[in-house]
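Below is one structure; the comments refer to it alone.
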Amino acid sequence: MAKYELPKLHYSYNALEPNIDAQTMEIHYTKHHGTYVTNLNKAIEGTNLEKLSLEETLRSVSQYPVAVRNNGGGHYNHSLFWEVMNPKEKGNPPGSFSDALNNTFGSLDDLIKKFSEAAMGRFGSGWAWLVLDNNGKLSIGSTPNQDNPLMDVSEFKGTPLLGLDVWEHAYYLKYQNRRAEYVANFWNVVNWNEVAKRYANARK
Amino acid sequence: MAITLPELPYSKDALEPHISAKTLEFHHDKHHNAYVVNTNKLIEGTELANADLAEIIKATVGKSDKVGIFNNAAQVWNHTFYWNCMKKNGGGKPTGQIAERIIKDFGSYEKFVEEFKNAGATQFGSGWAWLVLQDGKLQIMKTSNADTPIAHGVVPLLTVDVWEHAYYLDYQNRRPDYLSIFVDNLVNWDFVNSCLK
Ligand SMILES: [Fe+2]
Ligand SMILES: [Fe+2]
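Those protein sequences? They're chains A and B, same order as listed.
Just so it is clear: in the first sequence, position 12 is 12 by this note's numbering, and no numbers are missing.
Just so it is clear: in the second sequence, position 29 is 1029 by this note's numbering, and no numbers are missing.
And the structure:
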């Protein structure tokens, strides 16, 4: 049996409309994410990576073939992406996470501004991130292609709390060249409770 | 001397049904145009303000403080070259000098097609696949994001844009289908031959 599986999506394809359209969700999840899972399984088959967790694999990814980096990153990043969005839970960041982000960035608006700049500044394909960095501080940055902040090869490091896919496939059917509009509308569907939960876990 | 956006060498619907008018409209009028506008914004008032596109690319490649200029200028150049690489009722086996060179350096047209499509399919993320002339020999090359052979002293002969914006409205995730159609129905071999000279 293959080690990795496409995780279940906890909402329907049209649940994030109008911010993210159903057709994009379906192709993104079944085709793009699905292909990363298939190719990741192929890349690790018969190797000792079958015994490692995905996080452990990514932390030492420089030691493995580039297919592990691209597809392992693709699987991790998309799995996180689906979870940090949610049609029902917009509203505000809860409790101690809210205090932490106010301390670091000033306000939620400042966080959004900085994160959006990171998403717009990533030339080509990639991801924007909010992470808990290795000094226990909230930090914002971006990675190219399917790299992520867990990877030893990444210039931007930390534990991912919130990620935004800025590959063109994430928004082209609905927004075409208008990445800024996609990034602005992303904030309507961020699941802050999930981000806060990841923040609490990362601090343990 | 500002950089200008060249007209497409054909009408927006000329490549239908292989590449839709809608795709060409966004790709040329929005993406290509944005690279032109950004380049001009970034070179204004600098020592590159009066340089031509190739000079800008060569002056900024590999310079960490000039990444923005390089990315935009190289994308202007790559897109203009890409438009010229296609025509209505193009594709299929080439004629002329390039046909002989392909057989000489790849063994067969089919082998060239296989290598070219493979380069396009395996360029992970955004980028370009190329047929180039390097060290007197035809070769296949792939570049990521804006990178371009002319920044490295390599002569480009043919390119295909594999940024997702080039094919997503028409092919979504099916990049290999787009690459096959490009080779079978779109390549302007007359232009490729003109680049050999
Ligand atoms: Fe994606
Ligand atoms: Fe393009």
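Backbone N, C-alpha and C fix where the C-beta goes; we use that ideal spot for every residue, glycine too.
Fair warning: this is a prediction, and the values are worked out from it, not measured in the lab.
{"Asked": "Residues in the stretch 1160–1173 of chain B with C-beta within 8 Å of chain A's C-beta atoms, listed in sequence order?", "Found": "Trp1163, Glu1164, His1165, Tyr1168, Leu1169, Gln1172 and Asn1173"}
{"Asked": "Quick check on glycine 1120/B: buried or exposed, where buried means 16 or more other Cβ atoms within 10 Å of its Cβ?", "Found": "buried"}
{"Asked": "Take leucine 1024/B and list the residues in its own chain whose beta-carbon comes closer than 6 Å to its own, dropping the five residues that flank it on each side.", "Found": "Lys1012"}
{"Asked": "Check the Cβ of tyrosine 172/A against every Cβ in chain B and list those closer than 8 Å, keeping chain order.", "Found": "Glu1164, His1165, Tyr1168 and Leu1169"}
{"Asked": "Using the C-alpha atoms, what's the distance from valine 1067/B back to isoleucine 1043/B?", "Found": "12 Å"}
{"Asked": "On the premise that histidine 75/A lies in contact with glutamate 1164/B, defined as a C-beta separation below 8 Å, what is that separation, rounded to the nearest angstrom?", "Found": "Going by Cβ atoms, the distance from glutamate 1164/B to histidine 75/A rounds to 19 Å, so no, they are not a contact pair."}
{"Asked": "Name the two residues that bound the continuous alpha helix (DSSP H) containing methionine 1/A.", "Found": "Methionine 1/A -> no alpha helix (DSSP H), and no H or E assigned at all."}
{"Asked": "Check each residue's C-beta against every heavy atom of ligand 1 and list, in chain order, those closer than 6 Å.", "Found": "His28/A, His32/A, His78/A, Asp165/A, Trp167/A, His169/A and Ala170/A"}
{"Asked": "Thinking C-beta only, is asparagine 1071/B closer than 8 Å to asparagine 1185/B?", "Found": "no"}
{"Asked": "With 7 Å as the C-beta to C-beta threshold (strictly closer), list the residues of the stretch 1058–1086 of chain B near chain A in chain order.", "Found": "Asn1071"}
{"Asked": "Can you name the start and end residues of the alpha helix (DSSP H) that valine 1113/B belongs to?", "Found": "1109–1122"}
{"Asked": "At a CB distance below 7 Å, what residues from the stretch 1117–1128 of chain B approach chain A? Give them in sequence order.", "Found": "Phe1124, Gly1125 and Ser1126"}
{"Asked": "Write down the C-beta distance between alanine 128/A and valine 166/A rounded to the nearest angstrom, noting that I regard them as a contact closer than 8 Å.", "Found": "6 Å"}
{"Asked": "Put tryptophan 1077/B into one of helix, strand or coil per three-state DSSP.", "Found": "helix"}
{"Asked": "If you measure from each CB to the nearest heavy atom of ligand 4 and keep those under 6 Å, what residues do you get, in chain order?", "Found": "The model on display carries ligand 1 and ligand 2 but not ligand 4."}
{"Asked": "Per DSSP, threonine 1143/B is paired with what?", "Found": "Trp1128/B"}
{"Asked": "Residues bridged to alanine 128/A by DSSP?", "Found": "Ser142/A and Leu164/A"}
{"Asked": "What is the C-beta distance between proline 160/A and valine 131/A, in whole angstroms, given that I count them as a contact (C-beta under 8 Å)?", "Found": "5 Å"}
{"Asked": "Mind checking if histidine 1031/B is an interface residue toward chain A, Cβ cutoff 8 Å exclusive?", "Found": "yes"}
{"Asked": "Start and end of the alpha helix (DSSP H) containing leucine 1186/B?", "Found": "Neither: leucine 1186/B is in no alpha helix (DSSP H) and is coded neither H nor E."}
{"Asked": "Of the residues Asn39/A, Asn70/A, Asn19/A and Glu26/A, which one's Cα is nearest the Cα of methionine 151/A?", "Found": "Asn70/A"}
{"Asked": "For asparagine 190/A, which residues does DSSP report across the bridge?", "Found": "Looking at the sequence provided, one finds valine at residue 190/A rather than asparagine. BP columns for valine 190/A point to Met85/A."}
{"Asked": "Taking 6 Å as the limit between beta carbons, can you name the residues of its chain near glycine 73/A, skipping five residues before and five after?", "Found": "Gln146, Asp147 and Asn148"}
{"Asked": "Just list the residues that DSSP pairs lysine 1137/B with in beta bridges.", "Found": "Gln1134/B"}
{"Asked": "Can you find a C-beta in chain A that's less than 8 Å from the C-beta of asparagine 1040/B?", "Found": "no"}
{"Asked": "Just curious, the alpha helix (DSSP H) that aspartate 110/A is in, first and last residue?", "Found": "108–121"}
{"Asked": "Less than 8 Å between CB atoms is the rule here; does isoleucine 44/A satisfy it with respect to chain B?", "Found": "no"}
{"Asked": "Got a sec? Which residues, its chain only, sit under 8 Å from lysine 1137/B by beta carbon, not counting five neighbours each side?", "Found": "Asp1105"}
{"Asked": "When the Cα atoms are used, what is the spatial distance from methionine 85/A to asparagine 39/A?", "Found": "25 Å"}
{"Asked": "Can you tell me which of the three DSSP states proline 149/A falls into?", "Found": "coil"}
{"Asked": "Of all the residues that make up the stretch 154–169 of chain A, which are near chain B by a beta-carbon distance shorter than 8 Å?", "Found": "Trp167, Glu168 and His169"}
{"Asked": "Could you name the residues of chain B that isoleucine 27/A contacts, counting a contact when the two beta carbons are closer than 7 Å?", "Found": "Gln1172 and Asn1173"}
{"Asked": "Going by C-alpha to C-alpha distance, which of Lys1088/B, Asp1029/B, Ala1021/B and Ser1020/B sits closest to glutamate 1007/B?", "Found": "Asp1029/B"}
{"Asked": "From the DSSP secondary-structure annotation, give me the bridge partner or partners of methionine 1086/B.", "Found": "Val1187/B"}
{"Asked": "Check whether the Cβ of leucine 1026/B lies closer than 8 Å to any Cβ atom in chain A.", "Found": "The question names leucine, but residue 1026/B in the sequence shown is phenylalanine. Judged by the 8 Å Cβ criterion, phenylalanine 1026/B is in contact with chain A."}
{"Asked": "Report the neighbours of asparagine 1145/B on chain A: residues whose CB is nearer than 7 Å to its CB, in chain order.", "Found": "Phe123 and Gly124"}
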